[in-house]
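Here the numbering used here is used: the first residue of the sequence shown is 1, the next is one more, and so on. Yeah, the Cβ is synthetic: ideal placement off N, Cα and C, and Gly gets one too.
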Amino acid sequence: MSLDYKKRKVEKFIFFLLFFTGSYFLHQQVENSNTSSRYFLISAVVDFGTLSIDVYQDYTIDKSFSNGHYYSNKAIGAPLLGVPVYWILRNLPYMQDRPPLASIERYLIRVVTTTLPFALLGVVMFRMACLWGAGPAIALWMVIAYAFGSLAFIHATIFSGHQIAACFSFFSFSILYQLYRQVEEKVERPHSQQIIQVFLSGLFAGIAALSDYSAILIAAALSVYVLSLSLPVRLKILFFLGGGLCVVILALYNLNCFGSPWSLSY
Numbered sequence: 001m002s003l004d005y006k007k008r009k010v011e012k013f014i015f016f017l018l019f020f021t022g023s024y025f026l027h028q029q030v031e032n033s034n035t036s037s038r039y040f041l042i043s044a045v046v047d048f049g050t051l052s053i054d055v056y057q058d059y060t061i062d063k064s065f066s067n068g069h070y071y072s073n074k075a076i077g078a079p080l081l082g083v084p085v086y087w088i089l090r091n092l093p094y095m096q097d098r099p100p101l102a103s104i105e106r107y108l109i110r111v112v113t114t115t116l117p118f119a120l121l122g123v124v125m126f127r128m129a130c131l132w133g134a135g136p137a138i139a140l141w142m143v144i145a146y147a148f149g150s151l152a153f154i155h156a157t158i159f160s161g162h163q164i165a166a167c168f169s170f171f172s173f174s175i176l177y178q179l180y181r182q183v184e185e186k187v188e189r190p191h192s193q194q195i196i197q198v199f200l201s202g203l204f205a206g207i208a209a210l211s212d213y214s215a216i217l218i219a220a221a222l223s224v225y226v227l228s229l230s231l232p233v234r235l236k237i238l239f240f241l242g243g244g245l246c247v248v249i250l251a252l253y254n255l256n257c258f259g260s261p262w263s264l265s266y
């Protein structure tokens with residue numbers, strides 16, 4: 001059995017371990033205003049075609065008030081990822097006549113947007129550890145220590161946005177680092193593949209910042225990192241275009257809800 005084959009088996013084990021343990025737990029006691037505020041924004045967009053959560057304003061204290069309307073006061077990244085998931089669920093034949101935000105809908109939104117990236121993060125962390133010289137066993141224990149020995153697991157089981165930010169920040173870094181290694185080792189890759197990699201790296205950094213606004217500090221560090229790499233300028237520009245797309249989304253949201261692109265829901 002080759003080492004690469006063993007690594008692939010470990011990666012599958014990591015993914016299913018993290019995904020199924022994260023999906024198994026449902027913390028009803030923490031479905032409070034913090035998480036509900038994000039769900040309410042998703043429902044407002046899909047069910048009512050608006051960004052205001054006026055219809056839900058009596059059910060959460062985590063809200064902002066502007067121009068006569070109530071809005072979620074949470075970072076918009078998690079709801080942004082949750083909107084297409086909820087839209088698909090609401091358009092299933094047997095779900096259309098159900099009240100908005102049924103328990104199963106909340107659960108599936110969280111699993112897809114939060115637990116699934118958490119499981120993928122475990123695989124990416126394992127690959128990066130092996131790339132840096134760790135043996136498969138050590139890399140596996142590192143992933144398990146992170147996944148179950150830190151706050152990562154609790155945030156992988158609730159719709160808080162923090163784990164989403166952590167996942168996409170590391171996804172962004174891993175893409176940049178592997179692209180850097182390819183350039184340094186003169187590994188030939190199609191130019192179109194490099195374009196997609198760099199753009200996705202910037203987009204992922206932006207999604208992380210949208211999911212938890214404090215992650216903008218990580219996005220800034222990644223921006224410095226990409227500028228320091230020996231990559232063509234056109235590829236570096238693509239990183240900022242990917243991140244800039246998220247900046248535009250946030251600015252338009254703030255302008256629509258609060259009258260200024262600089263006014264955050266916080």
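Which term fits residue i, buried or exposed, when burial requires 16 or more other beta carbons within 10 angstroms of its beta carbon?
i, result
"Y201", "Here the sequence assigns Ser to residue 201, which means Tyr is not the residue at that position. S201 comes out buried."
"V10", "buried"
"F159", "buried"
"D212", "buried"
"P232", "exposed"
"V30", "Because V30 carries a pLDDT of 47, less than 50, the predicted location of this residue cannot be relied on, and no value is offered for it."
"K74", "buried"
"G135", "exposed"
"S228", "exposed"
"A139", "buried"
"K12", "exposed"
"F16", "exposed"
"S192", "exposed"
"E185", "exposed"
"P190", "exposed"
"S263", "exposed"
"P93", "exposed"
Could you please give the first and the last residue of the uninterrupted alpha helix (DSSP H) stretch that includes residue i?
i, result
"K355", "What the structure shows of the chain is the stretch from 1 to 266, and residue 355 is not part of that stretch, so it cannot be assessed."
"Y266", "Where Y266 is concerned, there is no enclosing alpha helix (DSSP H), given that its DSSP letter is neither H nor E."
Grouping DSSP H, G and I as helix and E and B as strand, with all else coil, what is residue i?
i, result
"S72", "strand"
"L121", "helix"
"S169", "helix"
"A134", "coil"
"N34", "helix"
"S23", "helix"
"L151", "coil"
"A139", "helix"
"R8", "helix"
"Q29", "Only weak support exists for where Q29 lies, its pLDDT of 47 falling under 50; the coordinates are left without a value."
If residue i sits next to residue j, beta carbons under 8 Å apart, how far is it from one beta carbon to the other, in whole angstroms?
i, j, result
"I53", "Y70", "5 Å"
"Y253", "I144", "Going by Cβ atoms, the distance from Y253 to I144 rounds to 38 Å, so no, they are not a contact pair."
"L222", "S172", "6 Å"
"S176", "Q194", "This sequence places Leu at residue 176; Ser is not what is there. In fact, because the Cβ distance is near 11 Å, the residues do not count as touching under 8 Å."
"L101", "Y59", "Contact flag wrong, Cβ pair sits at about 10 Å."
"C130", "K6", "That belief does not hold up - the Cβ atoms of C130 and K6 are roughly 11 Å apart, past 8 Å."
"G242", "L203", "4 Å"
"S169", "A119", "With 8 Å as the limit, S169 and A119 do not qualify as a contact, their Cβ atoms being about 16 Å apart."
"I14", "V123", "6 Å"
"S37", "D62", "4 Å"
For the segment 44–114, which segments carrying the alpha helix (DSSP H) assignment without a break, of at least 4 residues, lie completely within its bounds, in sequence order? Fully enclosed alpha helix (DSSP H) runs of 4 or longer: 77–90 and 103–110.
At 4 residues or longer, what runs of the alpha helix (DSSP H) sit wholly inside the segment 157–237? The qualifying runs are 162–184, 191–211 and 216–228.
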